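Shown next, in structure tokens, is the structure this report addresses.
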Amino acid sequence: MQIFSYSRLDKFRCPAAFYNQYVLGHTEPPTEPLVLGGAVHAVIEAALTAGRDDESFFRAMSGVAADVAPVKIDPDEVFGLACQPLVRRLVNWGGSVEERFQMPLDPEDPFGPEIQGYLDFWLDGLEVLLVDWKTNRKAYNPLDTHQLGLYAGWLHEKTGKPVRGKLVFLRTGEVREHLYTPEDGIAAARDWAYETAVDIRERLYALQNGGDRKELFPAAPGAACLYCGWADSCTGKEINVPDFVRGYDEAATLGREILRLETAADILKGRLRGWVERHGPVTVDSREFRIAPSNYWKWPQESLKKAVAAMEHEGVDPFKILSLTAAGLKKLGWDGERIRALGASLQHKEDFRHVAKTGSS
Numbered sequence: 001m002q003i004f005s006y007s008r009l010d011k012f013r014c015p016a017a018f019y020n021q022y023v024l025g026h027t028e029p030p031t032e033p034l035v036l037g038g039a040v041h042a043v044i045e046a047a048l049t050a051g052r053d054d055e056s057f058f059r060a061m062s063g064v065a066a067d068v069a070p071v072k073i074d075p076d077e078v079f080g081l082a083c084q085p086l087v088r089r090l091v092n093w094g095g096s097v098e099e100r101f102q103m104p105l106d107p108e109d110p111f112g113p114e115i116q117g118y119l120d121f122w123l124d125g126l127e128v129l130l131v132d133w134k135t136n137r138k139a140y141n142p143l144d145t146h147q148l149g150l151y152a153g154w155l156h157e158k159t160g161k162p163v164r165g166k167l168v169f170l171r172t173g174e175v176r177e178h179l180y181t182p183e184d185g186i187a188a189a190r191d192w193a194y195e196t197a198v199d200i201r202e203r204l205y206a207l208q209n210g211g212d213r214k215e216l217f218p219a220a221p222g223a224a225c226l227y228c229g230w231a232d233s234c235t236g237k238e239i240n241v242p243d244f245v246r247g248y249d250e251a252a253t254l255g256r257e258i259l260r261l262e263t264a265a266d267i268l269k270g271r272l273r274g275w276v277e278r279h280g281p282v283t284v285d286s287r288e289f290r291i292a293p294s295n296y297w298k299w300p301q302e303s304l305k306k307a308v309a310a311m312e313h314e315g316v317d318p319f320k321i322l323s324l325t326a327a328g329l330k331k332l333g334w335d336g337e338r339i340r341a342l343g344a345s346l347q348h349k350e351d352f353r354h355v356a357k358t359g360s361s
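Start counting the sequence shown at 1; every next residue gets the next number (our numbering).
Structure below.
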């Protein structure tokens, strides 16, 4: 194995998942987050390539992308993520869209591994602008992963300039950026990629010489399960659920299984939903799996203005009905100091859940 992509290297976080996909050549079962992300990227690529910033184009392409998706996705959600001001303002800038690159990870090693990839968008100038679109629900910093560092390394070699890498989170409109130089972000990314690729190649060599597959490519339940299509079937062993947790290692093991099982449940629900959509409800004891309709009111801005006017006309204080949510505050970009200055107070509650650890994506 000579040529690697960032996604291939990142898949090695769980060696068993890497083995399934890149050694056995199995096609990973599609998951909704990955399919949605691919559809959004396809719509943005089409718009930037065609030089189209009109909503009708984004709407039409979102419908096409949803129609050909391997799992059911909402074309309105695709449209809402793709047709963003942050995207549309780049139309007709003249940058490069989805450009492929390939380079050696160690120029002094003629037989060493190489890295390849596709750049969502980049533009040459006094410094190079590199943009990567993200549909993640949680934002993270560029240096939390090595993806932009690898891409910036190729752009720096090509232009000799520093590279301003930007992660654009389409759900929230948040942009996080870092100015990449060989000393800041590029060398670290290349070192990580080289070491990971060499580790993979050594394990493949050991496998070819009779090594045990399960020892060389073990399942590693954890954060990698969150977007893995094999999370429902990878370990092949019974889960030991203790009456109580006796130590940190046991607690971490339970946490890893929770991450895997949550994703496994999502996969199973997706498969069962497909059957129910084709054949009808499934009854399991006292519960029934069915397509249950839900309705909600969608308020365009003009309609919301009319609703506020109607409340005022009826003597109802709109501010007793409407509130600023966390999502709304993110769109406003207000920090805590400004919010407090307006008279709001920060409330605190504690929930048990898993969140992204500081310094990771």
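Ideal Cβ placement from N, Cα and C applies to all residues, glycine included.
From a predicted model like this one, the values you see are computed outputs, not experimental measurements.
- Between Gly222 and Leu268, the beta carbon gap of about 20 Å keeps them out of contact (Cβ cut-off 8 Å).
- Boundaries of the alpha helix (DSSP H) harbouring Thr196: Ile186 to Gln208, taken from the DSSP string.
- Just so you know, the alpha carbons of Thr181 and Ala189 end up roughly 11 Å apart.
- The DSSP-derived three-state label of Leu322 is coil.
- Considering only Pro85, Phe57, Tyr194 and Leu167, the residue with the shortest C-alpha distance to Pro107 is Tyr194.
- One Cα belongs to Gln208, the other to Lys214, and the distance between them is close to 13 Å.
- Per DSSP, Leu268 is not a residue of any beta strand (DSSP E); the alpha helix (DSSP H) it occupies stretches across Tyr248 to His279.
- If one requires a minimum length of 4 residues, the alpha helix (DSSP H) runs lying completely within the stretch 60 to 89 are 75 to 82 and 85 to 88, in chain order.
- With fewer than three CB-CB distances shorter than 8 Å, the stretch 14 to 26 does not count as touching the stretch 37 to 52.
- Per the coordinates, the alpha-carbon of Asp144 lies some 15 Å from the alpha-carbon of Ala152.
- Membership of Gln21 in any alpha helix (DSSP H) is not indicated, and neither H nor E is assigned to it by DSSP.
- Within 10 angstroms of the beta-carbon of His279 lie fewer than 16 other beta-carbons, which makes it exposed.
- For the pair Gly247 and Thr31, the CB atoms are not nearer than the 8 Å cut-off.
- If you ignore the 5 residues before and after Ile321, its C-beta comes within less than 8 Å of the C-beta of Met311, all in its own chain and listed in chain order.
- Following the DSSP letters along the chain, one finds Met311 inside the alpha helix (DSSP H) bounded by residues Gln301 to His313.
- The alpha carbon of Ile44 has as its nearest neighbour, out of Gln84, Pro162 and Ala326, the alpha carbon of Gln84.
- Put simply, of Leu123, Val276 and Ser286 the residue whose alpha carbon is nearest the alpha carbon of Glu98 is Leu123.
- Boundaries of the alpha helix (DSSP H) harbouring His156: Gln147 to Thr159, taken from the DSSP string.
- Residue Val71 holds the alpha-carbon nearest to the alpha-carbon of Leu34 among Val71, Met1 and Glu250.
- Inter-segment contact for the stretch 153 to 171 and the stretch 132 to 141 is present: three or more beta-carbon pairs are separated by less than 8 Å.
- Below 8 Å, too few C-beta pairs join the stretch 251 to 258 and the stretch 284 to 302 to call them touching: fewer than three.
- According to DSSP, His178 shares a beta bridge with Gly165.
- Following the DSSP letters along the chain, one finds Pro104 inside the beta strand (DSSP E) bounded by residues Ser96 to Pro104.
- Rounded to whole angstroms, the separation of the alpha carbons of Thr159 and Ser5 is 21 Å.
- Residue environment: Trp299 is assigned as exposed (fewer than 16 neighbouring CB atoms within 10 Å of its CB, all protein chains considered).
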